[in-house]
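Below is one structure, written out as structure tokens, with a few remarks after it.
Now the structure itself:
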């Protein structure tokens, strides 16, 4: 392999050098943060390591992204996922599968959005399924890109799942940064426009170029007609059908070496499911091997103020919120405040310090301290009542540095002697938010917009289902009304030309009586 500056070997060696200075991979593997097999891979696989390097970012950013990818792989148990990990229903529904290629020969993952229903209980299993598909595709052809095609034909509001979309984008952004060629979104309904505007905020300018909105008229710019299904204007009549491994083996020749080897994505189309109502939810909520024991505590700390998804994952600390500190006004005499959560997933303590551009406006408790391995520290930031205006210009700086052993007695002196390149820094903006009773809409970060939008979508789905039930009831009542009307018409038509026998008999008796009494004439 060439040893030039741009070769994978040279790029990988540069990243390994920076990465090893920041993270102790072997120690993280022993403590369960990493999978030892992944550590062995980054020590020997130049191509895998070099894919985390981007021209628009520093080598330190690449090291941080590599660290996050290794943590995620351990939490997800990526290396232990197999085809038999997932119930048969996950395969049979055919909501996701590999089939055909684009004009440049890239393998296409077809994702049928209309077959997906948002289900929080199934989401962990769905994420594992995505991880399995992406991992298998990458292992088959590490140097090749793939195309992800969102087929949104016949989709409705009940199919919109922002958490799933965010996971897919994060997978290509951090966990598999060189895998995606581009993302095709076919026939997106206008109802989803607001959601995709939020999605764009997650992407860099470079990543946004890989997002292609297509329809029946222009999709053939990317995929040939013979590789497109008929509803997209193509001639491909392929219908996905999952074949279990044992049946695939029986279909081949017993004497052929090809029949004996394991079928992979390159040889057999695979599929993905995002709705299996009959599945036992227990399988989707199993504990991830190696997950830090403090995760539950961290979620509880964030519950009242920030979601875990609204977090900045730095090389030393995970900081929540990721971008904005929000101070609510209009809540009586209570001081507006927000909470900064600092999570340490490393096996050694991290010292932190919080600074602000306007110390006279805020009270920070505590403003400095230490986060022990696997624990979370909360920093409360209070806004003084007399300083409710001009918060948009204020910023907070969170600084973090690793400690070798116990914290020194004089932390101020320690901070002055630490080289600047060893200090992790992250900045937060300040945002003033009116109390909800005021009727004004607060400024929201991208993650808050996602959460609000997801809530509205869930509400729309519930109202849509209730409306459908009401319509079905109205149809039944209308049918009953029509049936009663038809019976009434038949009844009146049958007896309109003749009187009932009882009436005739009564009339006859009345006539006889009148005749006998002489009143008839």
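Residue numbers (our numbering): 418 to 938. Here a beta-carbon is modelled for each residue, glycine too, at the ideal position from N, C-alpha and C.
Exercise for the section: Would you kindly work out how many angstroms separate the C-alpha atoms of residue 731 and residue 575, rounded to a whole number? Expected result: Taking the chain shown and counting its residues from 1, the one referred to as residue 731 is at position 314. Taking the chain shown and counting its residues from 1, the one referred to as residue 575 is at position 158. C-alpha separation (whole angstroms): 35 Å.
Problem - Meets three-Cβ-pair contact criterion under 8 Å: the region 737-744 and the region 832-847 - result: yes
Handout entry: With 16 other Cβ atoms within 10 Å as the buried cut-off, status of residue 908
Key = Your numbering for residue 908 matches position 491 in the chain shown. Burial call: exposed.
Handout entry: Own chain partners of residue 509 with C-beta closer than 6 Å, once the 5 adjacent residues on each side are dropped
Key = Within the chain shown, residue 509 is the residue found at index 92, counting from 1. Cβ within range, chain order: 659.
Problem - Nearest residue (CA-CA) to residue 809, options 785, 506 and 778 - result: In the chain shown, residue 809 corresponds to position 392, counting from 1. Checked all of 785, 506 and 778; the closest Cα to residue 809 is 778.
Handout entry: 7 Å CB neighbourhood of residue 617 in its chain, flanking five on each side removed
Key = For the purposes of this step, residue 617 is taken as the residue at position 200 of the chain shown. So the qualifying residues of the chain are 625.
Problem - For residue 646: DSSP bridge partner residues - result: Within the chain shown, the letter at position 229 stands for residue 646. Answer by DSSP bridge pairing, in chain order: 653.
Practice task
Out of 752, 841, 763 and 819, point me to the one whose CA is closest to residue 797's CA.
Solution key: Looking up residue 797 in the chain shown gives position 380. Of 752, 841, 763 and 819, the residue nearest in Cα terms is 752.
Practice task
Could you pull out every residue in the same chain whose Cβ sits closer than 7 Å to the Cβ of residue 520, ignoring the five residues on either side in sequence?
Solution key: Sequence index remark: in the chain shown, residue 520 carries index 103 (1-based). Excluding sequence neighbours, residue 520 sits near 639, 640 and 641.
Practice task
Have a look at the DSSP bridge pairing and note the partners of residue 527.
Solution key: Residue mapping note: residue 527 aligns to position 110 of the chain shown, counting from 1. Answer is 514 and 566.
Practice task
Quick one: residues in its chain with C-beta nearer than 8 Å to the C-beta of residue 523, no 5 flanking neighbours on either side, listed in chain order?
Solution key: Working through the chain shown from its first residue, we reach residue 523 at position 106. So the list reads 561, 562, 563, 564 and 598, once near-sequence residues are dropped.
Handout entry: Coil, strand or helix - residue 490 by DSSP
Key = Indexing the chain shown from 1 puts residue 490 at position 73. Helix at residue 490.
Exercise for the section: Taking 8 Å as the cut-off, decide whether the C-beta atoms of residue 630 and residue 605 are in contact. Expected result: What you label residue 630 is simply residue 213 of the chain shown in a count that begins at 1. What you label residue 605 is simply residue 188 of the chain shown in a count that begins at 1. Yes, the pair counts as a contact, with Cβ atoms nearer than the cut-off.
Practice task
Grab me the residues of residue 555's own chain with a C-beta within less than 8 Å of its C-beta, minus the 5 sequence neighbours each way, in chain order.
Solution key: As a position in the chain shown, residue 555 is number 138, starting the count at 1. Within the same chain, residue 555 has close Cβ partners 593 and 596.
Exercise for the section: Tell me where the alpha helix (DSSP H) around residue 611 begins and ends. Expected result: Within the chain shown, the letter at position 194 stands for residue 611. Start and end: 610-617.
Exercise for the section: Please work out which residues of its chain come closer than 7 Å, Cβ to Cβ, to residue 880, disregarding the five sequence neighbours upstream and downstream, and give them in chain order. Expected result: Counting from one through the chain shown, the residue named residue 880 turns up at place 463. If we look at residue 880 and ignore the five residues flanking it on each side, it has no Cβ neighbours.
Problem - Any non-hydrogen atom of the ligand ADP closer than 7 Å to residue 741 Cβ - result: Absence of the ligand ADP is noted for the structure shown, with no ligands found whatsoever.
Handout entry: Which residues DSSP lists as bridging residue 799, in chain order
Key = Sequence index remark: in the chain shown, residue 799 carries index 382 (1-based). Its beta-bridge partners are 754 and 780.
Practice task
Starting from residue 842, follow its DSSP beta bridges and name the residues at the other end.
Solution key: Within the chain shown, numbered from 1, the residue matching residue 842 stands at position 425. Looking at the DSSP assignment, residue 842 forms a beta bridge with 816.
Practice task
Output the distance between the C-alpha atoms of residue 472 and residue 506, rounded to the nearest integer angstrom.
Solution key: Position 55 of the chain shown, counting from 1, holds the residue named residue 472. Position 89 of the chain shown, counting from 1, holds the residue named residue 506. Near 42 Å, if we compare the C-alpha coordinates of residue 506 and residue 472.
Practice task
Can you check DSSP and say which residues form a bridge with residue 737?
Solution key: Against the chain shown, residue 737 aligns to sequence position 320. 758.
Exercise for the section: Report back the beta-carbon spacing between residue 841 and residue 734 to the nearest angstrom; my notes put them in contact at under 8 Å. Expected result: Counting from 1 along the chain shown, the entry for residue 841 is found at position 424. Counting from 1 along the chain shown, the entry for residue 734 is found at position 317. About 7 Å; that satisfies the 8 Å criterion.
Exercise for the section: List the DSSP bridge partners of residue 884. Expected result: Position 467 of the chain shown, counted from the first residue, corresponds to residue 884. Residue 884 is not bridged to any residue.
Practice task
Let me know the secondary structure DSSP gives residue 498 once reduced to three states.
Solution key: Reading the chain shown from its first residue, position 81 is the one you call residue 498. DSSP places residue 498 in coil when its eight states are reduced to three.
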